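Counting from 1, one number per residue, gives the positions in the sequence shown under full-length UniProt numbering.
Structure first, then comments.
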Amino acid sequence: MNTIKEILRINEEELKRGLAGTAASWHQQYAQSAWVYVGNLDHALTEGDVICVLSQYGEIEDLHLVREEDTGKSRGFAFCKYEDARSCVLAVDNFTGIELCGRSLRVDHVENYRLPKHLMDKEDQ
C-alpha cells in the first residue's frame, strides 16, 4: 500500500508543478519500455479478465499472468506489454490504487522485462 500511495503522491506533485507529460516527469526514465507490473490482483482473475481491464488505456501486445508452477494458480500479479509505451503512463497514472474485486491495484513501470524462456516464441529468444 505504501508504493501505491507514493506513486499517487508523486503524480499529484507533478501535476501541481506542471511537470506531467514533460521531459522532467518521473515517467520519462521508462519511456523506452512498454511493460508495466500489475500487482495485488484477485487470484480468481484470468488473463482475459486482466486484458479486458488494462486495454482501457491501450492495445495489449502481451500479458504474463504469473502462476504457481506446480498448481497453475495465479500468484496475484502480472506483467503487461502495451503496443505503445505511452500507454504505460496512462495505465500507471489511472490504475494505481483503483479497487478491482475488492483489492487496490498496484501498477508500475518495468524498465527491463523479459518473458521467461518457456513463454517466449522461438523468434523472441
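Positions of the beta carbon are idealized from the N, C-alpha and C atoms, including for glycine.
Just so it is clear, the structure is predicted and the values come from calculations on it, not from any experiment.
Based on Cα-Cα distance, which residue from Ala44, Glu12 and Lys73 lies nearest to Cys101? One-based indexing of the sequence shown puts residue 101 at position 101. The option with the nearest alpha carbon to Cys101 is Ala44.
Just how far apart, CA to CA, sit Phe95 and Val110? For the purposes of this step, residue 95 is taken as the residue at position 95 of the sequence shown. For the purposes of this step, residue 110 is taken as the residue at position 110 of the sequence shown. Looking at the two C-alpha atoms, the distance is approximately 15 angstroms.
Please list, in chain order, all residues of the same chain as Arg67 whose beta carbon is under 8 angstroms from its beta carbon, the five residues on each side excluded. For this step, residue 67 is matched to residue 67 along the sequence shown. Hits under 8 angstroms: Lys73, Ser74 and Arg75.
Buried or exposed (CB count within 10 angstroms, at least 16 for buried), Arg106: The sequence position of residue 106 within the sequence shown is 106, counting from 1. The residue in question, Arg106, is buried, as its Cβ has 16 or more Cβ neighbours within 10 Å.
Put Ser74 into one of helix, strand or coil per three-state DSSP. Counted from its first residue, the sequence shown places residue 74 at position 74. Strand, per DSSP.
Taking all protein chains shown into account, do 16 or more other C-beta atoms lie within 10 angstroms of the C-beta of Leu8, making it buried, or fewer, making it exposed? As a first step, residue 8 must be located in the sequence shown, where it is residue number 8. It counts as exposed.
With H, G and I counted as helix, E and B as strand and the rest as coil, what does DSSP make of Ser104? What you label residue 104 is simply residue 104 of the sequence shown in a count that begins at 1. DSSP places Ser104 in strand when its eight states are reduced to three.
On the CB-based measure, 16 or more other CB atoms within 10 Å of its CB, does Gly58 come out buried or exposed? The sequence position of residue 58 within the sequence shown is 58, counting from 1. Gly58 is buried by the Cβ-count criterion.
The alpha helix (DSSP H) with Arg114 in it runs from where to where? Walking along the sequence shown from the start, residue 114 turns up at place 114. That residue, Arg114, is in no alpha helix (DSSP H); it is neither H nor E in DSSP.
With distance defined between alpha-carbon atoms, name the residue in Ala91, Glu6, Ala78 and Ile98 nearest to Gly39. Residue mapping note: residue 39 aligns to position 39 of the sequence shown, counting from 1. Among Ala91, Glu6, Ala78 and Ile98, the Cα nearest to that of Gly39 is on Ala78.
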